[in-house]
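Novice: Encoded as structure tokens, here's the structure I'll be asking about.
Residue numbers (full-length UniProt numbering): 1 to 279.
Put into structure tokens, the structure is as follows:
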């Protein structure tokens, strides 16, 4: 069982609990992005099993008529086994989701996986236009080239700052530089993209930049935030008419994810501490 302090960030251990959470998000005017927790599988069997779960998850979203998508991690569905295993599992998930009219996001992991991930997403997008999207990280120095490549691909882009500790040879080395790059990349997306822009950020400055760019270019966009982080702000944005989608992780591999969330933000750590001491 997930303790109460972790359940703020993780929607239970089962798909049914996660789907119930997406239903709650829908009632608050938001969509849900379901992610089964798990990563860095080095054997094909667990990667295939999680791919099976995502295929079933797509049918469950459709069966319950929920406003939800799914988001997968490359290392969860085989990229550490090999590019072919990852691509085959990703294509299988996209095929199953497309049959149910469910959108598939592909998360992005460390820089060594970027090319293989983009190759798989581009191939899937050519087969299923406007059915897939990919996360792109502003902290990598290669990102503008990647965005230019994706501009002609019928795939959505989720712009994030990047959470991986990358070497300075491939990544920007200061928060200010990453913030500047993020805003520059958003401007490029709003100016050049026709297949979906997602602003994956809790930073109010970045959200304001997105709103201003939407007013300038008219490009539709959505806001994506994590379950358990600034949820009041998520609901407020939805009430104002913005498209908001909450990233909803679930599964029995919750402990690593929970502690990562607690370490990320002072507010999250304080919440956990108050829960432990009963304040």
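We treat Cβ as the ideally placed atom computed from N, Cα and C, and that holds for glycine. These figures come from a predicted structure and were not determined experimentally.
1. Could you pull the DSSP bridge partners for residue 55 from this structure?
2. Evaluate residue 256 with the Cβ neighbour count: other Cβ atoms within 10 Å of its Cβ, from every protein chain shown; 16 or more gives buried, anything less gives exposed.
3. Output the boundary residues of the beta strand (DSSP E) element that contains residue 158.
4. In terms of alpha-carbon separation, which member of 165, 214, 223 and 152 lies closest to residue 195?
5. Please name the residue in 67, 60, 36 and 101 whose C-alpha comes closest to that of residue 75.
6. Is residue 130 buried or exposed, if buried means 16 or more other CB atoms sit within 10 Å of its CB?
7. Should residue 167 be labelled buried (16 or more other beta-carbon atoms within 10 Å of its own) or exposed?
8. Do residue 170 and residue 202 have their CB atoms nearer than 7 Å?
9. Return helix, strand or coil for residue 255, following the three-state DSSP convention.
10. What's the gap between the Cα of residue 115 and the Cα of residue 184?
11. Given a threshold of 16 other Cβ atoms within 10 Å of its Cβ, counted over all protein chains shown, does residue 73 qualify as buried or as exposed?
12. Indicate whether the contact test is met: 3 or more Cβ pairs, each with one atom in the region 120-129 and one in the region 85-104, closer than 8 Å.
13. Return the chain-ordered ranges of every beta strand (DSSP E) run that is complete within the region 57-141 and spans a minimum of 3 residues.
14. Mind checking which residues open and close the beta strand (DSSP E) that includes residue 32?
15. In whole angstroms, what separates the C-alpha of residue 47 from that of residue 215?
16. What do you get for residue 133, buried or exposed, if any count of 16 or more other CB atoms within 10 angstroms of its CB means buried?
17. Can you list, in chain order, the residues of its chain whose CB lies under 6 Å from that of residue 42, leaving out five sequence neighbours each side?
18. For residue 135, which residues in the same chain have their Cβ closer than 6 Å to its Cβ, ignoring the five residues on either side in sequence?
19. Tell me the DSSP secondary structure of residue 288 in three-state form.
20. Determine the direct distance from the alpha carbon of residue 193 to that of residue 154, and round the result to whole angstroms.
21. Taking just the CA atoms, how far does residue 236 sit from residue 313?
Specialist: If we stick to the structure as given:
1. When DSSP reads this structure, residue 55 sits in no beta bridge, so it has no partner.
2. Under this definition residue 256 is an exposed residue.
3. Residue range 156-160 is occupied by the beta strand (DSSP E) that includes residue 158.
4. The option with the nearest alpha carbon to residue 195 is 152.
5. The shortest C-alpha separation from residue 75 is found at 36.
6. Exposed, by the Cβ-count rule.
7. By the neighbour-count rule (16 or more Cβ atoms within 10 Å), residue 167 is not buried but exposed.
8. Contact annotation: residue 170 and residue 202 have beta-carbon atoms that are not nearer than 7 Å.
9. Helix.
10. Each residue's CA atom was taken as its position, placing residue 115 and residue 184 some 22 Å apart.
11. That one is buried.
12. Judged by Cβ distances under 8 Å, the region 120-129 makes contact with the region 85-104, as three or more pairs qualify.
13. Listed in chain order, the complete beta strand (DSSP E) runs (minimum 3 residues) inside the region 57-141 are 68-72, 104-106 and 132-137.
14. It spans 31-36 - the beta strand (DSSP E) in which residue 32 sits, taken as one unbroken run.
15. When rounded, the distance between both Cα atoms is 42 Å.
16. It counts as buried.
17. Excluding positions up to five away in sequence, the list reads 80.
18. For residue 135, the CB contacts under 6 Å within the same chain, skipping 5 residues up- and downstream, are 107, 108, 158 and 160 in chain order.
19. The chain is shown only over 1 to 279; residue 288 falls outside these bounds and no answer can be derived.
20. Near 9 Å, if we compare the C-alpha coordinates of residue 193 and residue 154.
21. Here the chain covers residues 1 to 279 and nothing more, so residue 313 does not appear.
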